[in-house]
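Protein chains in written order, with our numbering: chain Z, 1 to 346; chain U, 1 to 346; chain A, 1 to 346. Notes for the one structure printed next.
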Amino acid sequence: MSTRLGDLVERLGGRLIGNADQTVVGIAPLSDADSSHITFLSNPKLRTQAAQTKAACLILSEKDHEAIADFAGARIVTANPYAYFAHVAQFFATLHTPARSPGAHATAVISPSARVAASAVVGAHVFIDDGAVVEDDCTIEAGCVLGRNVRVGKGTLFHPRVTFLDGCSIGQRGIIHSGAVIGADGFGFANESGKWVKIPQTGAVRIGDDVEIGANTTIDRGALADTIIEEGVKLDNQIQIGHNCHIGAHTAMAGCVGVAGSAIIGKYCTFGGAAMILGHLTIADKVHISSGSLVSRSISEPGQYTGIYPLAKNADWEKSAVIVRNLSSMREKIRDLEKTIQSLGE
Amino acid sequence: MSTRLGDLVERLGGRLIGNADQTVVGIAPLSDADSSHITFLSNPKLRTQAAQTKAACLILSEKDHEAIADFAGARIVTANPYAYFAHVAQFFATLHTPARSPGAHATAVISPSARVAASAVVGAHVFIDDGAVVEDDCTIEAGCVLGRNVRVGKGTLFHPRVTFLDGCSIGQRGIIHSGAVIGADGFGFANESGKWVKIPQTGAVRIGDDVEIGANTTIDRGALADTIIEEGVKLDNQIQIGHNCHIGAHTAMAGCVGVAGSAIIGKYCTFGGAAMILGHLTIADKVHISSGSLVSRSISEPGQYTGIYPLAKNADWEKSAVIVRNLSSMREKIRDLEKTIQSLGE
Amino acid sequence: MSTRLGDLVERLGGRLIGNADQTVVGIAPLSDADSSHITFLSNPKLRTQAAQTKAACLILSEKDHEAIADFAGARIVTANPYAYFAHVAQFFATLHTPARSPGAHATAVISPSARVAASAVVGAHVFIDDGAVVEDDCTIEAGCVLGRNVRVGKGTLFHPRVTFLDGCSIGQRGIIHSGAVIGADGFGFANESGKWVKIPQTGAVRIGDDVEIGANTTIDRGALADTIIEEGVKLDNQIQIGHNCHIGAHTAMAGCVGVAGSAIIGKYCTFGGAAMILGHLTIADKVHISSGSLVSRSISEPGQYTGIYPLAKNADWEKSAVIVRNLSSMREKIRDLEKTIQSLGE
Chain Z
1 MSTRLGDLVE RLGGRLIGNA DQTVVGIAPL SDADSSHITF LSNPKLRTQA AQTKAACLIL
61 SEKDHEAIAD FAGARIVTAN PYAYFAHVAQ FFATLHTPAR SPGAHATAVI SPSARVAASA
121 VVGAHVFIDD GAVVEDDCTI EAGCVLGRNV RVGKGTLFHP RVTFLDGCSI GQRGIIHSGA
181 VIGADGFGFA NESGKWVKIP QTGAVRIGDD VEIGANTTID RGALADTIIE EGVKLDNQIQ
241 IGHNCHIGAH TAMAGCVGVA GSAIIGKYCT FGGAAMILGH LTIADKVHIS SGSLVSRSIS
301 EPGQYTGIYP LAKNADWEKS AVIVRNLSSM REKIRDLEKT IQSLGE
Chain U
1 MSTRLGDLVE RLGGRLIGNA DQTVVGIAPL SDADSSHITF LSNPKLRTQA AQTKAACLIL
61 SEKDHEAIAD FAGARIVTAN PYAYFAHVAQ FFATLHTPAR SPGAHATAVI SPSARVAASA
121 VVGAHVFIDD GAVVEDDCTI EAGCVLGRNV RVGKGTLFHP RVTFLDGCSI GQRGIIHSGA
181 VIGADGFGFA NESGKWVKIP QTGAVRIGDD VEIGANTTID RGALADTIIE EGVKLDNQIQ
241 IGHNCHIGAH TAMAGCVGVA GSAIIGKYCT FGGAAMILGH LTIADKVHIS SGSLVSRSIS
301 EPGQYTGIYP LAKNADWEKS AVIVRNLSSM REKIRDLEKT IQSLGE
Chain A
1 MSTRLGDLVE RLGGRLIGNA DQTVVGIAPL SDADSSHITF LSNPKLRTQA AQTKAACLIL
61 SEKDHEAIAD FAGARIVTAN PYAYFAHVAQ FFATLHTPAR SPGAHATAVI SPSARVAASA
121 VVGAHVFIDD GAVVEDDCTI EAGCVLGRNV RVGKGTLFHP RVTFLDGCSI GQRGIIHSGA
181 VIGADGFGFA NESGKWVKIP QTGAVRIGDD VEIGANTTID RGALADTIIE EGVKLDNQIQ
241 IGHNCHIGAH TAMAGCVGVA GSAIIGKYCT FGGAAMILGH LTIADKVHIS SGSLVSRSIS
301 EPGQYTGIYP LAKNADWEKS AVIVRNLSSM REKIRDLEKT IQSLGE
């Protein structure tokens with residue numbers, strides 16, 4: 001399944017310099033590519049390597065194009081070579097993935113009151129409950145469970161063993177990975193003489209278009225209002241989103257992040273792995289939290305924020321940790337010194 | 001499905017001031033409630049807002065009742081309005097949730113040696129293994145797997161895709177959310193010349209009454225003895241409980257908490273999100289651990305404990321982190337200063 | 001099902017001192033063992049207790065054997081009593097676990113193009129996709145999903161509800177616990193004007209022999225190349241391994257550890273619970289990371305490394321945290337003092 005460079009450019013844009021009839025069968029890194037591949041240069045430091053690649057075609061920026069004289073193959077010049085690479089890779093991935101036939105597997109159980117589009121694929125042992133809506137071109141892989149009255153937008157893909165519970169909705173072109181649980185109860189209890197009384201969680205989870213949710217990630221339903229995930233949000237694996245959170249469009253979170261209930265997070269934010277956000281906070285747009293940092297207060301200003309204890313050899317850490325524990329006595333000593341010196345000076 | 005205030009008070013207690021025949025159809029926050037709702041005031045700061053609510057009835061404390069003169073609707077006076085709200089919300093949630101019919105779905109696989117109460121609901125694609133016992137009024141939703149000889153107490157609810165493995169037990173009125181795994185092997189190995197030899201995990205997990213376990217939470221079976229979760233414990237999502245832990249009654253843990261093996265945790269404790277507890281520790285009753293803190297030693301005294309690196313703008317963090325790494329040299333400098341000053345003074 | 005001591009030693013090695021025809025039915029700790037049990041001593045501090053155990057046989061080291069004169073039962077002397085105990089416990093666990101009959105449950109769905117060994121056990125509601133290979137003596141428990149063209153090596157055990165996705169492979173004698181997801185997409189996106197463009201993840205996950213993977217752990221497939229888990233690696237529950245990681249043989253990770261993409265981790269390493277490793281790092285062999293520590297740079301030297309904020313009563317932590325936030329002003333003060341003293345001295 002080879003593809004003409006001309007066809008690629010027609011589909012994805014960019015300026016082709018070279019033979020439009022040249023074909024490629026896939027994408028490969030600069031060093032591994034051969035004459036059947038297209039490759040890309042996104043880091044100017046690799047220009048020398050790029051000039052020597054054996055690829056049939058090189059995706060690169062205008063600047064890199066001007067700087068590289070001696071590459072003999074074709075070129076696609078574009079403003080964002082890395083994004084162009086992603087689009088090309090998507091194109092080839094679609095070519096190479098065998099399509100499932102539309103329709104439901106014989107072992108799937110679909111409520112008579114559910115509406116599943118004829119173009120949708122429903123895998124083995126799937127359960128779709130009353131009133132659920134699955135739109136055109138969706139794929140619901142083996143072992144998924146869809147609760148009552150859920151709505152799954154056009155072209156959305158659930159990998160095997162996703163749980164998508166009562167009343168939740170997701171927009172178009174979404175991807176949910178295996179083991180994710182959308183719409184479990186939020187963690188809400190009233191304390192009565194030391195015992196916990198459950199507060200029913202009657203909101204849902206509403207997810208926009210173009211959202212991707214990682215394996216074993218959990219997003220809780222709201223207590224009264226809904227938990228909201230806006231369009232274009234990307235969540236990695238093992239993430240926990242508490243009830244009534246609101247995550248702004250195009251924000252991305254790496255693996256193991258936790259967001260406590262009712263946090264309001266802006267658009268275009270990024271969260272490094274295992275960052276933790278306390279509840280009822282507001283985080284502005286374009287805030288970037290470093291991996292492993294705990295956010296304990298609202299952040300109103302864009303920028304990069306960090307709070308991690310520096311790693312050291314254990315023996316060195318033990319020394320610094322003892323001092324951290326006693327920092328107030330160190331401050332006392334400095335104050336004493338200041339006083340002594342003042343009196344000496346006088 | 002409206003309910004008389006008189007019936008609510010008969011069921012849940014509290015002192016009704018107003019028309020017992022007034023009906024309400026649900027609960028809503030102070031600001032959203034209309035004349036078909038009951039609402040509640042648990043924070044005295046919101047008294048002004050409470051006086052203006054359009055709700056038909058206000059749940060409030062004796063003190064707030066005395067302080068609010070001008071609210072025209074009915075009142076339910078109670079010692080703990082927030083817990084009362086929770087009970088009312090439970091009542092309405094039960095009214096509004098469509099009940100499943102008792103019995104097992106045709107696709108469920110139930111071992112002939114299992115005993116499943118006739119009043120229990122067993123969903124699609126459930127597997128119940130040999131010798132399992134599922135008591136009256138249980139609901140086992142789609143895709144759950146129950147191992148050999150498990151016991152599920154009266155009225156307990158498993159959401160879809162719970163795994164509850166061989167020999168484990170849970171008491172009455174429990175709730176386990178989707179993706180939770182109860183009774184996987186604990187992490188036990190002997191090291192033999194650098195390689196790990198598995199130590200079989202032959203204990204089980206024993207869970208008391210009124211326990212709730214969050215989505216994708218894991219509780220490991222014991223190595224020889226059992227892992228114990230006492231009554232009333234509430235675990236949020238994505239929590240890991242190691243083998244042979246013992247968690248005291250009514251302790252609550254927020255999302256992403258990890259408890260290493262053989263930790264003994266008291267009653268009435270709370271753990272903030274992503275708190276981590278090392279193994280073989282003992283934590284007293286009524287200990288409260290802040291989010292993101294690592295507990296590396298036993299705690300014998302009740303109280304709030306914290307250990308998190310303060311968040312800062314990345315540039316500021318880099319400055320403080322460098323100094324933390326070199327705190328012992330800072331201490332040296334202070335000692336030198338003290339000596340110099342002493343000699344100057346002499 | 002009792003076993004002769006002579007048979008145990010023949011199977012597992014060690015030097016038996018005592019009656020080879022003495023039988024035992026199981027293993028128990030020193031304090032709980034009775035005359036039907038075998039027990040073990042791995043900690044010399046427990047010699048007195050060991051001498052008094054009622055067990056029929058004591059596994060112990062040469063040194064402890066020489067030090068304990070008065071134990072009346074049989075002895076098995078071995079270089080590593082703890083590992084010997086693990087082997088004995090495995091032996092008894094195998095005796096006591098009822099075997100499943102080979103073959104596939106009637107509700108399992110197996111693609112005609114998959115090759116499942118006749119000796120394999122395939123549980124209820126399992127789905128095995130096109131081209132998958134399941135070798136001899138494997139057990140695939142209820143609710144597992146095996147993707148296209150996966151390979152599961154001889155004698156490997158999947159507990160219920162494992163997801164093992166397209167193209168992934170695992171060697172012999174592996175164990176994967178419930179809820180684990182192997183081969184979900186890595187977290188790879190190119191940014192295009194603030195929006196994220198998915199980079200297809202076309203690598204797989206390759207897992208060696210004798211690997212154990214905990215409940216709800218996730219291992220992502222590689223972007224282009226594969227994610228590699230070498231032989232003998234042991235991963236606890238709730239662990240996240242990013243795309244293109246390479247984990248060296250016999251490395252063990254405790255629960256809740258996160259490893260970001262493209263990290264290269266050596267052999268014989270250990271990671272405490274909730275340790276986090278950033279991406280694109282290289283960790284040498286025999287590195288040990290303490291629980292809760294974040295590894296933000298490569299480590300080339302073996303040893304123990306730590307980076308955790310020391311836990312304190314909340315009031316004490318608040319004091320130290322304020323100072324940590326202002327450490328650079330403390331350093332300023334010390335510099336000022338040094339200058340003042342210098343000028344005083346002159």
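Heads up, the beta-carbon is just placed ideally off N, CA and C, and yes, glycines get one too.
Contact list for residue i against chain A, beta-carbon separation under 7 Å
i                     : result
residue 224 (chain U) : 29
residue 325 (chain Z) : 310, 312, 320
residue 90 (chain Z)  : 198, 200
residue 192 (chain U) : 80, 83
Contacts of residue i in chain U (Cβ-Cβ under 9 Å)
i                     : result
residue 283 (chain A) : Those within 9 Å of residue 283 (chain A) in chain U number zero; the least Cβ separation is about 17 Å.
Residue i burial status per 10 Å Cβ neighbour count (16 or more: buried)
i                     : result
residue 103 (chain U) : exposed
residue 98 (chain A)  : exposed
residue 344 (chain A) : exposed
residue 297 (chain U) : exposed
residue 141 (chain Z) : buried
residue 198 (chain Z) : buried
residue 177 (chain Z) : buried
residue 276 (chain A) : buried
residue 342 (chain Z) : exposed
residue 237 (chain U) : buried
Residue i - DSSP class collapsed to helix/strand/coil
i                     : result
residue 154 (chain U) : coil
residue 253 (chain Z) : strand
residue 233 (chain Z) : coil
residue 60 (chain A)  : strand
residue 408 (chain Z) : Any answer about residue 408 (chain Z) is impossible in this case: the structure gives chain Z only from 1 up to 346.
residue 40 (chain Z)  : strand
residue 135 (chain Z) : coil
residue 68 (chain Z)  : coil
residue 141 (chain U) : coil
residue 240 (chain A) : strand
residue 339 (chain U) : helix
residue 192 (chain Z) : strand
residue 20 (chain A)  : coil
Cross-chain neighbours of residue i in chain Z, by beta carbon under 9 Å
i                     : result
residue 107 (chain U) : 107, 109, 125, 127
Cα-Cα separation, residue i to residue j
i                     : j                     : result
residue 89 (chain U)  : residue 37 (chain U)  : 11 Å
residue 70 (chain A)  : residue 48 (chain A)  : 10 Å
residue 235 (chain U) : residue 200 (chain Z) : 15 Å
residue 158 (chain U) : residue 114 (chain Z) : 23 Å
residue 334 (chain Z) : residue 329 (chain U) : 14 Å
residue 152 (chain A) : residue 183 (chain A) : 14 Å
residue 168 (chain U) : residue 206 (chain U) : 6 Å
residue 109 (chain U) : residue 137 (chain U) : 19 Å
residue 22 (chain A)  : residue 5 (chain A)   : 6 Å
residue 317 (chain Z) : residue 309 (chain Z) : 10 Å
Under 7 Å by beta carbon: chain Z residues contacting residue i
i                     : result
residue 151 (chain A) : Under the 7 Å cutoff, chain Z gives no residues; its nearest Cβ is about 18 Å from residue 151 (chain A).
Contact list for residue i against chain A, beta-carbon separation under 8 Å
i                     : result
residue 366 (chain Z) : A query on residue 366 (chain Z) cannot be resolved here, the shown segment of chain Z reaching from 1 to 346 and no further.
residue 333 (chain U) : 334, 338
CB contact check: residue i to chain C, cutoff 7 Å
i                     : result
residue 293 (chain U) : Reference to chain C is not applicable here, since the protein chains of this structure are Z, U and A.
Chain Z contact residues for residue i, given Cβ-Cβ distances below 8 Å
i                     : result
residue 337 (chain U) : 337
> Mind pulling the beta strand (DSSP E) runs of 3 or more residues that sit fully within the region 246 to 328 of chain A?
Replying inline: As far as the region 246 to 328 of chain A is concerned, its whole beta strand (DSSP E) runs of at least 3 residues are 287 to 289, 303 to 306.
> Counting only runs that start and end within the region 61 to 129 of chain Z, where is the beta strand (DSSP E) found for 3 or more residues in a row?
Replying inline: 74 to 77
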